[in-house]
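Protein chains in written order, with our numbering: chain A, 10 to 384; chain B, 10 to 384.
Every residue gets a Cβ at the ideal spot worked out from N, C-alpha and C, and that includes glycine.
Protein chains: 2
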Amino acid sequence: MSFISSSNLHSSYSNMALEGSKVKFGILDCAEIGRKLARAITLAPNSDLCAVASRSVEKAKNYAIKNGFPSTSKVYGSYEQLLDDPDIDVVYVPLPTSLHLEWAVKVAEKKKHLLLEKPVALNVDEFDVIVKACEDNGVQFMDGTMWMHNPRTLKMREFLDDSEKFGELRSVHSIFTFTAEDDFLKNDIRVKPDLDALGALGDVGWYCIRSILWAANYELPKTVTAIRGPIFHDSGVILACGASLQWEDGKVATFQASFLTNLTMDVTALGTKGTLHLHDFVIPFQETSASFTVASKSGFEELVTGWVPVPSEHIVPTDLPQEARMVKEFSSLVTRINESGSKPETKWPIISRKKQLVLDAVKASIDQGFETVDI
Amino acid sequence: MSFISSSNLHSSYSNMALEGSKVKFGILDCAEIGRKLARAITLAPNSDLCAVASRSVEKAKNYAIKNGFPSTSKVYGSYEQLLDDPDIDVVYVPLPTSLHLEWAVKVAEKKKHLLLEKPVALNVDEFDVIVKACEDNGVQFMDGTMWMHNPRTLKMREFLDDSEKFGELRSVHSIFTFTAEDDFLKNDIRVKPDLDALGALGDVGWYCIRSILWAANYELPKTVTAIRGPIFHDSGVILACGASLQWEDGKVATFQASFLTNLTMDVTALGTKGTLHLHDFVIPFQETSASFTVASKSGFEELVTGWVPVPSEHIVPTDLPQEARMVKEFSSLVTRINESGSKPETKWPIISRKKQLVLDAVKASIDQGFETVDI
Chain A
10 MSFISSSNLH
20 SSYSNMALEG
30 SKVKFGILDC
40 AEIGRKLARA
50 ITLAPNSDLC
60 AVASRSVEKA
70 KNYAIKNGFP
80 STSKVYGSYE
90 QLLDDPDIDV
100 VYVPLPTSLH
110 LEWAVKVAEK
120 KKHLLLEKPV
130 ALNVDEFDVI
140 VKACEDNGVQ
150 FMDGTMWMHN
160 PRTLKMREFL
170 DDSEKFGELR
180 SVHSIFTFTA
190 EDDFLKNDIR
200 VKPDLDALGA
210 LGDVGWYCIR
220 SILWAANYEL
230 PKTVTAIRGP
240 IFHDSGVILA
250 CGASLQWEDG
260 KVATFQASFL
270 TNLTMDVTAL
280 GTKGTLHLHD
290 FVIPFQETSA
300 SFTVASKSGF
310 EELVTGWVPV
320 PSEHIVPTDL
330 PQEARMVKEF
340 SSLVTRINES
350 GSKPETKWPI
360 ISRKKQLVLD
370 AVKASIDQGF
380 ETVDI
Chain B
10 MSFISSSNLH
20 SSYSNMALEG
30 SKVKFGILDC
40 AEIGRKLARA
50 ITLAPNSDLC
60 AVASRSVEKA
70 KNYAIKNGFP
80 STSKVYGSYE
90 QLLDDPDIDV
100 VYVPLPTSLH
110 LEWAVKVAEK
120 KKHLLLEKPV
130 ALNVDEFDVI
140 VKACEDNGVQ
150 FMDGTMWMHN
160 PRTLKMREFL
170 DDSEKFGELR
180 SVHSIFTFTA
190 EDDFLKNDIR
200 VKPDLDALGA
210 LGDVGWYCIR
220 SILWAANYEL
230 PKTVTAIRGP
240 IFHDSGVILA
250 CGASLQWEDG
260 KVATFQASFL
270 TNLTMDVTAL
280 GTKGTLHLHD
290 FVIPFQETSA
300 SFTVASKSGF
310 EELVTGWVPV
320 PSEHIVPTDL
330 PQEARMVKEF
340 SSLVTRINES
350 GSKPETKWPI
360 ISRKKQLVLD
370 AVKASIDQGF
380 ETVDI
């Protein structure tokens, strides 16, 4: 079967690895986000885009054609067929959250490595079943949080770890919102209680929680308190919410997640000596480089007429789009397991689980009338 | 008595009004912030810096000399003497908050117009006494919130009022923090329960609350809930705190105020169609112009590889420093009262009172174990 490449979307980055060493990816279902991952797999030098499955073979075929899959790609009319394909190393699962438990476990049981879209599960109990299936079958787990893999994230980490420039983290404030169209508010899986029951908390809130935990070096907060005034869809799904998080040592964090306000993606981290700001933490404004602003030991001019020093912007170029770097990192882990027989990297499921714990606590606080919930 | 101008601090702006029409200011006490106001009064074209009072005439004289007071300025060794000076039209009061009730009322009773440093009072009951004294004596009241008078503030207001570009306000997030030095944490009036009992809430938190109310067009929230985890000085004064605010129509806001993290001054306002960001809302990075960033109907490139459009920065020059514009505005109101016998402008005490109400609610919520407090 041969496909026509849909565009020159893949032309700006070159794929330099040797064919023989590439990790083979299959995509489970024709989700919109999977189109971005398909490109990312093609761009990652150690990865091959090999198959897509849908409940309809026609749908899978059209998806492959429209999204520039290589002509050698296979298309399947059922998820099971893809999982049974012995050539596939990794399955990327962008299914609605309510289907994660079933299909993520099946992927692991078929000894396929699992790249799972977020939110990883409806709650931590479900997630623990998924992680156990991965452990029992020796397969790698990672969630699809692309911004973690942007080189900017490493540079920001260096700043937060700098005891002289940033000092000690004291508070983090994260915002991720976008204005959903009418069609989204009627038909998107993220407003359907039987598909993505966590709504804006599971979608954009997931990223806010990730950014907060990232800034806190994945130290879990002690308590979580939802902010009063969340907004609900008629279906009961959360459309907008916020929460505050409190740590044992006095650190605090807040976040705001919404489908009802203009696209905004802020992280603000306040240290005893420095401040970090960025406004595009999930999706950088441009693909080829990303920036952040830092301030350190900020003070005032005589008579407080201005700042000394003023904050400075740092621009970090990237060799590959952040999602292709994610795929590349995942494939490296898979290659290491396959070639050396080593155990999967546990860092990624541990981070995902912490996020899920906080997310569950926010949900519980909302459900319990904004009571403070212990973690 | 003649003073030597201390520096060229006043040289970059010209004072163009006719001598005869100028409003005459006296400063009550030799506070650090008063140095900035002294310059502002000198720069405001309709205002004259005429006197300063301290409990020691030597201290007042040194302050006048060091801060470039005009050679015609009078120096007084008691507050009462300044209040008894028939030449003084306006008294600027930068005393510690606990002294506001006594001295603000005395200023009004002496028929002097009152420019009062923030926080205006320890609570709204005290503030109401001050406002009543101003009303009874027909004098103008304004608090010293300088950023309100920056031309940038008007431009930002235009954006927030633009139903096409910004839409409807849904949330506001404000941060004002600075890292206090050891000396501040030991000796500053803002950590003394008998002087500025409201600590970081009254100092930096006051500005956060102002920015939130400003964004909400001074519509009062329905409820206020302090965020868990405030940090207290050994003296009991608040060193760091935050709160969330909720409005009847579903709007929410959060703020973070602290003496314990690097200088940061953020306002983020989220509308259904647009986003406003600024990082220097209280004191602009530079004195001669100030900027803010707006985004409107933000979306993504194909495959979510970047933003379309990206946010844009707007730079607003200023003819005078914001504090000189504040003085000029105040003097204009005083001149109108003096020349036409009109009543004082009530907008300013109304705004100050709303801020005090919210501040009192945050304090009450903290004192009541983070219970939600109705306004």
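> In terms of DSSP beta bridges, what is Q255 (chain B) paired with?
Replying inline: B:T232 and B:V261
> Measuring CA to CA, which of A:E296, A:G378, A:K363 and A:G308 is closest to W156 (chain A)?
Replying inline: A:E296
>> I need the boundaries of the beta strand (DSSP E) containing I97 (chain A), first residue and last residue.
In response: Unbroken run through I97 (chain A): none, as it is neither H nor E.
>> Spatial neighbours of Y227 (chain A) within its chain, please: C-beta separation below 8 Å, excluding the five flanking residues on both sides.
In response: I359, I360 and K363
> Which same chain residues, not among the five before or five after E177 (chain A), have their C-beta less than 7 Å away from its C-beta?
Replying inline: G280 and T281
>> Which runs of the beta strand (DSSP E) at least 3 residues long sit entirely within the region 60 to 133 of chain A? Give them in chain order.
In response: 83 to 85, 99 to 102 and 122 to 125
> Would a C-beta distance cut-off of 8 Å place F241 (chain B) and V213 (chain B) closer than the cut-off?
Replying inline: no
> Is any beta-carbon of chain B found at less than 8 Å from that of N2 (chain A)?
Replying inline: Residue 2 (chain A) cannot be examined here, being either before or after the span of chain A that is shown, 10 to 384.
> Where does C143 (chain A) sit, in a helix, a strand or coil, going by DSSP?
Replying inline: helix
>> Quick check on this structure: which residue in B:T188, B:S349 and B:L285 has the alpha carbon closest to the alpha carbon of I221 (chain B)?
In response: B:L285
> What are the residues of the region 277 to 296 of chain B that lie near chain A, defined by any Cβ-Cβ distance shorter than 8 Å?
Replying inline: T277, L279, G280, T281, K282, G283, T284, H286, H288, D289, I292, P293, F294, Q295 and E296
> Using a Cβ-Cβ cut-off of 7 Å (strictly less than) and excluding sequence neighbours within five positions of V291 (chain B), which residues of its own chain qualify?
Replying inline: W156, F185, Y216 and M274
>> For N55 (chain A), which residues in the same chain have their Cβ closer than 8 Å to its Cβ, ignoring the five residues on either side in sequence?
In response: A26, S30, K31, V32, K337, S340, S341 and T344
> What beta strand (DSSP E) runs, 3 residues minimum, are completely inside the region 172 to 249 of chain B?
Replying inline: 178 to 188 and 232 to 235
> If we count the other Cβ atoms within 10 Å of its Cβ and call it buried at 16 or more, is T81 (chain B) buried or exposed?
Replying inline: exposed
> Among the residues of its own chain, which have a CB less than 6 Å from the CB of T232 (chain B), if the five just before and after it don't count?
Replying inline: Q255, T381 and D383
> Between the region 166 to 187 of chain B and chain A, which residues of the former have a C-beta closer than 7 Å to a C-beta of the latter?
Replying inline: R179, S180, H182, I184 and T186
> With a Cβ-Cβ cutoff of 8 Å, do M335 (chain B) and H182 (chain B) count as a contact?
Replying inline: no
> Quick one: any contact between the region 196 to 209 of chain B and the region 160 to 180 of chain B, if contact means 3 or more CB pairs under 8 Å?
Replying inline: no
> Are the C-beta atoms of L272 (chain A) and some chain B residue less than 8 Å apart?
Replying inline: yes
>> Could you tell me which whole alpha helix (DSSP H) segments of length 4 or greater appear in the region 299 to 350 of chain A?
In response: 331 to 349
> Should L37 (chain B) be labelled buried (16 or more other beta-carbon atoms within 10 Å of its own) or exposed?
Replying inline: buried
> Exposed or buried, what is F428 (chain B) when buried is set at 16 or more other beta-carbons lying within 10 Å of its beta-carbon?
Replying inline: Any question about residue 428 (chain B) goes unanswered here, given that chain B covers just 10 to 384.
> Ordered along the chain, which non-local residues of its own chain (more than five positions away) have a Cβ less than 7 Å from that of S298 (chain B)?
Replying inline: I324, V325, P326 and T327
> Would a check of beta-carbon distances place K45 (chain B) closer than 8 Å to chain A?
Replying inline: yes
> Within 10 angstroms of its Cβ, does K127 (chain A) collect 16 or more other Cβ (buried), or is it exposed?
Replying inline: buried
> the region 321 to 332 of chain B: which residues have C-beta closer than 8 Å to a C-beta of chain A, in chain order?
Replying inline: P330
>> Less than 8 Å between CB atoms is the rule here; does F309 (chain B) satisfy it with respect to chain A?
In response: yes
> Would you call F309 (chain B) buried or exposed, if buried means 16 or more other Cβ atoms sit within 10 Å of its Cβ?
Replying inline: exposed
>> When you compare the CB of T314 (chain B) with every CB in chain A, is at least one pair closer than 8 Å?
In response: yes
> Anyone know if the C-beta pair for W316 (chain A) and F268 (chain B) falls short of 8 Å?
Replying inline: no
> Going along the chain, which residues of the region 227 to 243 of chain B sit with their C-beta nearer than 7 Å to a C-beta in chain A?
Replying inline: T232, T234, I236, R237, G238 and I240
> Excluding five sequence neighbours on each side, which residues of the same chain lie with their C-beta closer than 7 Å to the C-beta of K260 (chain A)?
Replying inline: L178, R179, S180 and A225
> Given that G259 (chain A) touches chain B, what residues does it touch there, using C-beta distances under 7 Å?
Replying inline: G238 and I240
>> Quick check: A40 (chain A) and E332 (chain A), are their CB atoms within less than 8 Å of each other?
In response: no
>> Please state whether the Cβ-Cβ distance between I247 (chain A) and G283 (chain A) is less than 8 Å.
In response: no
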